[in-house]
Ligand code: ATP
Ligand code: MG
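In this note's numbering, the protein residues as written are 4 to 419.
Written out as structure tokens, the structure reads:
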């Protein structure tokens, strides 16, 4: 039997209901903040990701699904959403027409990683990208959107962690100090970090290895190196978060796995997730648009991992939706009338389910039970002659016979 490839998974009902709930809530919230949807292709030119994410990153070094198409082009299944959105923003000349833009997206991303809880090869992200504003209050807004999303989904023990990665003025000094420090502690670092140390030292801060983490936490803090502007920016972000009542913690060692970030970076952490505990993350990228060939336009965004959010919501238990009215039709004549009646009920917004079975009432009731139906409508010859159907509540056993024209109003309070 052919199985789904490693690191991918099918999203089956009833779990798909959680996905819908997340997507609906996100869309509603994005609208509240004036964000509009953008949909970009699932694959892009490989160079887009090489140039934006950075050559010496986990993603570009080992996680990309890259292939040659039949025309010999090197393409990559998108590992993240920001670079494609920037590419589209430039390709469609937004900087010339209207450089201030707020986009949101949702969809699958692809990374060749070791599959484990909360880590897949095809996973899904919901995210936003804002182009134009450099004001720290926009950083606050982007954090507030995520905060609201978690609140609305009923998740409260979520932790907001922020940091500043500085800018091209102040980061080099920190970087220099960091390299100096890491070199002195070289033998305590894992092999990968010994290599990272020379090529992309900030990546060492992101290593999950316990030993490396210890070294990092005893080392220099970027917050001590920030220039006046970056320091002010960070202070403003903190003030804004306080003003909105969003609790946060500053972690001077927080970095992100992609090279393009400047100044504010943040993560939303949920302890229940274990090792992969970052649900949502992002930050400011003031030079990415320029690095991808556009004008100097700042940006900021976040990406949320839907699978990890589903894990949190699943652990909390599913609040099941009302099951549709389950129809049992007995005999050809009631089948005809029943089809019409079901359509009329649906016209009135009542969800109705019919299995296509025409067997005995006993067999059909057994099936209804198996499907977990809570309300069943039964129409046989007697009911047909009386222009009515029987409605049975499977939980209480209560039965009522209702005239066809009254079924909708009879059920309206149940399905409202
Ligand atoms: P991690 O440190 O967990 O690998 P990352 O730094 O690679 O995360 P980002 O690239 O910032 O993560 O992606 C944002 C969010 O997307 C993550 O916080 C996570 O929720 C989700 N995510 C990233 N990679 C995966 C994956 N392989 N499987 C499932 N979700 C993922
Ligand atoms: Mg990763």
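Think of the CB as a built atom: it goes at the ideal place given N, C-alpha and C, for glycine as much as any other residue. Because the structure is a prediction, the values reported are computed rather than measured.
Element boundaries [alpha helix (DSSP H), containing residue i]
i, result
"residue 219", "213-220"
"residue 56", "49-56"
"residue 200", "194-202"
"residue 413", "410-415"
"residue 366", "364-373"
"residue 325", "Element bounds for residue 325: n/a, residue is neither H nor E."
"residue 360", "Here residue 360 belongs to no alpha helix (DSSP H), and DSSP marks it neither H nor E."
"residue 24", "18-35"
Cβ neighbour criterion (16 or more within 10 Å) applied to residue i
i, result
"residue 142", "buried"
"residue 99", "exposed"
"residue 149", "buried"
"residue 127", "buried"
"residue 329", "buried"
"residue 366", "exposed"
"residue 96", "exposed"
"residue 237", "buried"
"residue 113", "buried"
"residue 344", "buried"
"residue 376", "buried"
"residue 395", "buried"
"residue 104", "buried"
"residue 109", "buried"
"residue 61", "buried"
"residue 415", "exposed"
"residue 399", "exposed"
"residue 205", "buried"
"residue 440", "Given a span of 4 to 419 for the chain in the structure shown, any question on residue 440 remains unanswerable."
"residue 55", "buried"
"residue 362", "exposed"
"residue 132", "buried"
"residue 229", "buried"
"residue 14", "exposed"
"residue 157", "exposed"
Where the beta strand (DSSP E) through residue i begins and ends
i, result
"residue 331", "328-332"
"residue 335", "Run containing residue 335: none in the beta strand (DSSP E); it sits in the alpha helix (DSSP H), 335-350."
"residue 391", "391-396"
"residue 305", "302-308"
"residue 406", "402-406"
"residue 378", "378-382"
"residue 67", "Unbroken run through residue 67: none, as it is neither H nor E."
Beta-carbon proximity of residue i to residue j, cut-off 8 Å
i, j, result
"residue 79", "residue 68", "yes"
"residue 121", "residue 314", "yes"
"residue 7", "residue 51", "no"
"residue 28", "residue 152", "yes"
"residue 316", "residue 282", "no"
"residue 74", "residue 130", "no"
"residue 300", "residue 37", "no"
"residue 370", "residue 397", "no"
"residue 140", "residue 239", "yes"
"residue 193", "residue 214", "yes"
"residue 46", "residue 81", "yes"
"residue 182", "residue 269", "no"
"residue 218", "residue 186", "no"
"residue 88", "residue 49", "no"
"residue 10", "residue 123", "yes"
"residue 160", "residue 273", "yes"
Original post:
In chain order, which continuous runs of the beta strand (DSSP E) of length 3 or greater are located wholly inside the segment 244-294?
Top reply: 265-272, 281-287
**OP:** Give, in chain order, every unbroken run of the beta strand (DSSP E) that is at least 3 residues long and sits entirely within the segment 72-99.
**Re:** 77-80
Original post:
Which full runs of the alpha helix (DSSP H) of 4+ residues lie inside the segment 101-179, going along the chain?
Top reply: 139-155
**OP:** Inspect the CB distances between the segment 379-395 and the segment 331-347 and report whether three or more fall short of 8 Å.
**Re:** yes
**OP:** Taking 8 Å as the threshold, find out whether the segment 291-308 comes into contact with the segment 252-259 through three or more Cβ pairs.
**Re:** no
**OP:** Could you tell me whether the segment 385-393 touches the segment 402-418, where touching means 3 or more Cβ pairs closer than 8 Å?
**Re:** yes
**OP:** State whether the segment 229-243 contacts the segment 155-175, with contact taken as three or more CB pairs (one from each stretch) at a distance under 8 Å.
**Re:** yes
**OP:** Assess, as a yes-or-no matter, whether the segment 61-76 is touched by the segment 176-183 under the definition of 3 or more beta carbon pairs within less than 8 Å.
**Re:** no
Original post:
Looking at C-beta atoms only, is the number of pairs between the segment 201-217 and the segment 239-251 that lie closer than 8 Å three or more?
Top reply: no
**OP:** Spell out a yes or no on whether the segment 343-356 and the segment 301-316 are touching, meaning 3 or more CB-CB pairs, one atom from each, closer than 8 Å.
**Re:** no
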